[in-house]
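See structure below.
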Amino acid sequence: MTDLSHIRNFSIIAHIDHGKSTLADRLIQVCGGLSAREMTEQVLDSMDIERERGITIKAQTVRLDYTAKNGEKYILNLMDTPGHVDFAYEVSRSLAACEGSLLLVDASQGVEAQTLANVYQAIDANHEIVVVLNKIDLPASEPEQIKAQIEEVIGIDASDALPVSAKTGDGVPEVLERIVAQLPAPTGNADSELKAMLVDSWYDPYMGVVILVRVRDGIIRKGQKIRMMAAGSSHLVEQVGVFRPKTEKIDQLGPGELGYIIAGIKEVADTNVGDTITDDRKPASEALAGFKPSVPVVFCGLFPIDNGDYSRLRESLLKLRLNDASFEFEAETSAALGFGFRCGFLGLLHLEIIQERLSREFDLDLITTAPSVVYKIFRTDGTMIELHNPVDMPDPVHVDYIEEPWIKATIMVPDEHLGSVLKLCEERRGVQIDLTYAGARAVVVYRIPLNEVVFDFYDRLKSVSRGYASFDYQLDGYEIGDLVTMSILVNAEPVDALAVIVPKAQAEARGRGMCERLKDLIPRQLFKIPVQAAIGGRVIARETIAAMRKDVTAKCYGGDISRKRKLLEKQKKGKKRMRTFGKVEIPQEAFIAALKTGDD
4 MTDLSHIRNF
14 SIIAHIDHGK
24 STLADRLIQV
34 CGGLSAREMT
44 EQVLDSMDIE
54 RERGITIKAQ
64 TVRLDYTAKN
74 GEKYILNLMD
84 TPGHVDFAYE
94 VSRSLAACEG
104 SLLLVDASQG
114 VEAQTLANVY
124 QAIDANHEIV
134 VVLNKIDLPA
144 SEPEQIKAQI
154 EEVIGIDASD
164 ALPVSAKTGD
174 GVPEVLERIV
184 AQLPAPTGNA
194 DSELKAMLVD
204 SWYDPYMGVV
214 ILVRVRDGII
224 RKGQKIRMMA
234 AGSSHLVEQV
244 GVFRPKTEKI
254 DQLGPGELGY
264 IIAGIKEVAD
274 TNVGDTITDD
284 RKPASEALAG
294 FKPSVPVVFC
304 GLFPIDNGDY
314 SRLRESLLKL
324 RLNDASFEFE
334 AETSAALGFG
344 FRCGFLGLLH
354 LEIIQERLSR
364 EFDLDLITTA
374 PSVVYKIFRT
384 DGTMIELHNP
394 VDMPDPVHVD
404 YIEEPWIKAT
414 IMVPDEHLGS
424 VLKLCEERRG
434 VQIDLTYAGA
444 RAVVVYRIPL
454 NEVVFDFYDR
464 LKSVSRGYAS
474 FDYQLDGYEI
484 GDLVTMSILV
494 NAEPVDALAV
504 IVPKAQAEAR
514 GRGMCERLKD
524 LIPRQLFKIP
534 VQAAIGGRVI
544 ARETIAAMRK
554 DVTAKCYGGD
564 ISRKRKLLEK
574 QKKGKKRMRT
584 FGKVEIPQEA
594 FIAALKTGDD
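Going by the numbering used here, 140 is the number at position 137 of the sequence shown; the sequence numbering is gapless.
Written out as structure tokens, the structure is:
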């Protein structure tokens, strides 16, 4: 069994695109985890979407053997974490399994919003932090200024920060030496009762559920009967192993080690992340401190374009759920769109990734309704319900008040774009809490209703700051809001996929914008179509799509005018009848385009 003092567990944390996965590649290469022939770029990003977008979605782990300059042999367990705000939950799990972190900062861009968020998570987890400056081979890199910025903004000593280029491999051996010298070894006792933390789980079509564990005390062996303390279920361990990054079977995992176990579990839902695994015969007396469960913050409806695909969509969602426990869904029906599912996500990027995986991996064409957040509706009889779908809003007569979720947003932006960013936050009902400077960049902290951020805030922020602003948020409780449900009627029929909850003060402007947009998006028919926005029974905006006129007199050559008049009268009557029975088909692109009315 490995001596505890020769194990190091660490994760790499940084903002998006600062080079975490590339540095992980170099560390694997230097330690000889893979041969030159097997080495690919971003070797730990296994999903196609991760490679194409250049982002990490799932935290990945790898075990490396390293021989230090003094000849001592070490085992390094590395966790590559995501940088995007939607996957901060993955980061928190990875940090709980480690004792130290490499804080990676781009030497040309400096500290960004996500750098701050992730480093504070690491400090909360009592991590020893090693500062690494990446991309020093770029002409625009300014290592000395960035060191000063790290000390000023984060408040940790960066005087001995390691300069590296993860792309070329410069400085990577020094990083490994620093990990061994500075990061603490794990603690634990092999002779006490088994206590292992369930860090992650995913579904493998050949092996069933694979569980990633971090052993604190005791030993996990093949053939041992284990118990999940929170779930209360018992299982027999069939296989124990580690990732190097290829899977390698071993006999046992001891204290301080990270590895995987397979125990014939069929459903990922049976393995709660953060659960404590213990021996079934000699269980531990108390569980380890777990994590807070991930809470979906954004909800939207997913409907198949072809209703015959409903059962395929359900199967696909179940398969995705196997590998992503933070994603939730339940069946719902809509008068306009038929049968579909109401899905919960951690944020908009999470929604986009799930959508893309459904279309790629399962070849599904879907309609997505407007993303919405969870509102708390307090009724006059004193009860409270959570509202995920604006269509389910109870009659306003029975509603006492509505609470909406707020977030605390940290935005870092160069000084010249500060004015337009502040204007955007004010437009979105934001309340400024703080404004400080880090060098030439402003750090703005705002409280903003989540509803205002959820649709296109991030795109707008990037466009007003020319791509230089970085953004991070965390939920910050609920507050009473003056909100109303606005429904859209097309030819006097409500279209529930376009119903939204809006602040009362902005309802009229939003309604007018949506009606104008729909007027251009819905194809003309042989009869007039009214498009209306309404709150309850009161219409607040209206546009009319003009009728398309068919030339019924084309066959008349000359002759008496009354012949033409007779045909036109007949057409008029037909149009009137059509309008009473007329069903309007709304094209799919109209649903999403109509909702982007916020800021034209």
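Every residue gets a Cβ at the ideal spot worked out from N, C-alpha and C, and that includes glycine.
As the structure is a prediction and not an experimental result, all values here were calculated from the model.
Q | 7 Å Cβ shell around M210 - same chain, five flanking residues per side excluded | A | Taking the sequence shown and counting its residues from 1, one reaches residue 210 at position 207. Cβ-Cβ distances below 7 Å link M210 to I265 in the same chain, with the five nearest sequence neighbours on each side left out; the list follows chain order.
Q) Is there contact between the segment 192 to 201 and the segment 159 to 178, where contact requires at least three CB pairs shorter than 8 Å? A) Counting Cβ pairs under 8 Å, fewer than three are found: no touch.
**Q.** Cβ neighbour criterion (16 or more within 10 Å) applied to M551
**A.** Numbered from 1 along the sequence shown, position 548 holds the residue referred to as residue 551. Under this definition M551 is an exposed residue.
Q: Would you identify the three-state DSSP class for D608, choosing helix, strand or coil?
A: Nothing in the structure corresponds to residue 608, since the chain is present only between 4 and 603.
(Q) Using DSSP's beta-bridge definition, name the partner residues of S104. (A) The sequence position of residue 104 within the sequence shown is 101, counting from 1. According to DSSP, residue pairing for S104 in a beta bridge involves S14, I132.
Q. Counting along the chain, where does the beta strand (DSSP E) carrying T413 start and finish?
A. As a working note, residue 413 is residue 410 in the sequence shown. Element bounds for T413: 402 to 417.
(Q) Here's a check: name, in chain order, each residue in its chain whose Cβ is nearer than 8 Å to the Cβ of P146, leaving out the five neighbours to either side. (A) If you number the sequence shown from 1, residue 146 lands on position 143. Excluding five sequence positions before and after P146, the CB atoms of its chain that fall closer than 8 Å to its own CB belong to A110, L136, I139, A164, P166, given in chain order.
Q: Using beta-carbon positions only, say whether L323 and R360 come within less than 9 Å of one another.
A: One-based indexing of the sequence shown puts residue 323 at position 320. One-based indexing of the sequence shown puts residue 360 at position 357. Going by C-beta atoms, L323 is nearer than 9 Å to R360.
Q: Output the distance between the C-alpha atoms of L7 and E260, rounded to the nearest integer angstrom.
A: Position 4 of the sequence shown, counted from the start, is the residue given in the question as residue 7. Position 257 of the sequence shown, counted from the start, is the residue given in the question as residue 260. Straight through space, the alpha carbons of E260 and L7 are spaced by roughly 9 Å.
**Q.** Among I126, M82, A143, T488, nearest to N392 - alpha-carbon criterion
**A.** In the sequence shown, counting from the first residue as 1, residue 392 sits at position 389. In terms of Cα proximity to N392, the closest of I126, M82, A143, T488 is T488.
Q.
When you compare the segment 446 to 454 with the segment 184 to 194, are there three or more beta-carbon pairs, one atom per stretch, that lie closer than 8 Å?
A. Judged by Cβ distances under 8 Å, the segment 446 to 454 makes no contact with the segment 184 to 194, as fewer than three pairs qualify.
**Q.** Supposed contact pair N454 and E389 - C-beta distance, whole angstroms, cut 8 Å
**A.** Within the sequence shown, the letter at position 386 stands for residue 389. Within the sequence shown, the letter at position 451 stands for residue 454. Not a contact, Cβ separation roughly 14 Å.
Q.
Quick check on the burial criterion: 16 or more other C-beta atoms within 10 angstroms. Buried or exposed for A412?
A. The sequence position of residue 412 within the sequence shown is 409, counting from 1. A412 is buried by the Cβ-count criterion.
Q) In whole angstroms, what is the alpha-carbon distance linking R513 and R469? A) Counted from its first residue, the sequence shown places residue 513 at position 510. Counted from its first residue, the sequence shown places residue 469 at position 466. Each residue's Cα considered, the two are about 26 Å apart.
Q. Rounded to a whole number of angstroms, what is the C-alpha to C-alpha distance between I182 and V218?
A. Counting from 1 along the sequence shown, the entry for residue 182 is found at position 179. Counting from 1 along the sequence shown, the entry for residue 218 is found at position 215. Taking the straight line joining both Cα atoms gives about 20 Å.
Q.
Using the three-state DSSP reduction, which class does K170 fall into: helix, strand or coil?
A. By one-based count along the sequence shown, residue 170 stands at place 167. In the three-state DSSP reduction, K170 falls in the coil class, being neither helix nor strand.
Q: Return yes when the Cβ of L239 is within less than 9 Å of the Cβ of I223, no when it is not.
A: Taking the first residue of the sequence shown as position 1, residue 223 is located at position 220. Taking the first residue of the sequence shown as position 1, residue 239 is located at position 236. A distance of 9 Å or more separates the beta carbons of I223 and L239.
Q. For E372, does the three-state DSSP call read helix, strand or coil?
A. Numbered from 1 along the sequence shown, position 369 holds the residue referred to as residue 372. Checking the displayed sequence, the identity of residue 372 turns out to be Thr instead of Glu. Secondary structure of T372 (DSSP, three-state): coil.
Q) Hey, V394 and F381: beta-carbon distance below 9 Å or not? A) The residue given as residue 394 occupies position 391 in the sequence shown. The residue given as residue 381 occupies position 378 in the sequence shown. Taking 9 Å as the Cβ cut-off, V394 and F381 do not qualify as a contacting pair.
Q | Proximity to I405 [Cα-Cα], best of K23, T386, I10 | A | Within the sequence shown, numbered from 1, the residue matching residue 405 stands at position 402. Each of K23, T386, I10 was checked against the Cα of I405, and the nearest Cα belongs to T386.
Q.
Restricting to Cα atoms, I'd like to know which of E318, T371, R363 is closest to I308.
A. Here the question's residue 308 lines up with position 305 in the sequence shown. It is T371 whose Cα lies nearest to the Cα of I308.
Q) What separation, rounded to the nearest whole angstrom, lies between the Cα atoms of S14 and K507? A) Taking the first residue of the sequence shown as position 1, residue 14 is located at position 11. Taking the first residue of the sequence shown as position 1, residue 507 is located at position 504. Distance between the alpha carbons of S14 and K507 is about 46 Å.
Q. What residue ranges within the segment 433 to 487 form continuous alpha helix (DSSP H) runs of no fewer than 4 residues, ordered along the chain?
A. The segment 433 to 487 contains these whole alpha helix (DSSP H) runs: 453 to 456, 460 to 467.
**Q.** Whole-angstrom C-beta distance between G113 and Q152, which should lie under 8 Å
**A.** As a working mapping, residue 152 is identified with position 149 in the sequence shown. As a working mapping, residue 113 is identified with position 110 in the sequence shown. In this structure Q152 touches G113 by the C-beta definition: roughly 5 Å separates them, less than 8 Å.
Q. Pick from K522, I491, L570: whose alpha carbon is nearest that of I541?
A. Indexing the sequence shown from 1 puts residue 541 at position 538. Here residue 541 is Arg; the residue named in the question, Ile, does not match the sequence. Closest in C-alpha terms to R541, from the list K522, I491, L570, comes I491.
(Q) Looking at the strands, I want to know which residues DSSP matches up with D68. (A) Indexing the sequence shown from 1 puts residue 68 at position 65. Note: D68 is bridge-paired with I78 in the DSSP secondary-structure output.
Q. What is the DSSP secondary structure of I31, counted as helix, strand or coil?
A. For the purposes of this step, residue 31 is taken as the residue at position 28 of the sequence shown. In the structure shown, I31 sits in a helix (DSSP, three-state: H, G or I).
Q. Roughly how many whole angstroms lie between the Cα atoms of L119 and L107?
A. Here residue 119 refers to the residue found at position 116 when the sequence shown is read from its first residue. Here residue 107 refers to the residue found at position 104 when the sequence shown is read from its first residue. Cα to Cα, L119 sits roughly 11 Å from L107.
Q) How far does the alpha helix (DSSP H) with G244 in it reach, from first residue to last? A) Taking the sequence shown and counting its residues from 1, one reaches residue 244 at position 241. No alpha helix (DSSP H) holds G244; the beta strand (DSSP E) holding it covers 242 to 246.
Q: Could you tell me the distance, in whole angstroms, from the CA atom of A373 to the CA atom of C303?
A: On the sequence shown, position 370 is the one that residue 373 refers to. On the sequence shown, position 300 is the one that residue 303 refers to. One Cα belongs to A373, the other to C303, and the distance between them is close to 6 Å.
Q | Where Y313 sits in the DSSP three-state scheme | A | The residue labelled residue 313 in the question sits at position 310 within the sequence shown. In the structure shown, the three-state DSSP call for Y313 is helix.
Q. Does the beta carbon of G343 fall short of 8 Å from some heavy atom of the ligand FMN?
A. The ligand FMN is absent from the structure shown, which contains no ligands of any kind.
Q: Could you tell me if T439 is buried or exposed, where buried requires 16 or more neighbouring beta carbons within 10 angstroms of its beta carbon?
A: What you label residue 439 is simply residue 436 of the sequence shown in a count that begins at 1. That one is exposed.
**Q.** Contact under 9 Å by Cβ, A334 with G343
**A.** Residue mapping note: residue 334 aligns to position 331 of the sequence shown, counting from 1. Residue mapping note: residue 343 aligns to position 340 of the sequence shown, counting from 1. A Cβ-Cβ contact shorter than 9 Å links A334 with G343.
**Q.** C559 burial status per 10 Å Cβ neighbour count (16 or more: buried)
**A.** Reading the sequence shown from its first residue, position 556 is the one you call residue 559. So C559 ends up on the exposed side.
Q. Taking DSSP as the reference, what is the three-state secondary structure of A537?
A. Here residue 537 refers to the residue found at position 534 when the sequence shown is read from its first residue. Of the three classes helix, strand and coil, the one that applies to A537 here is strand, per DSSP.
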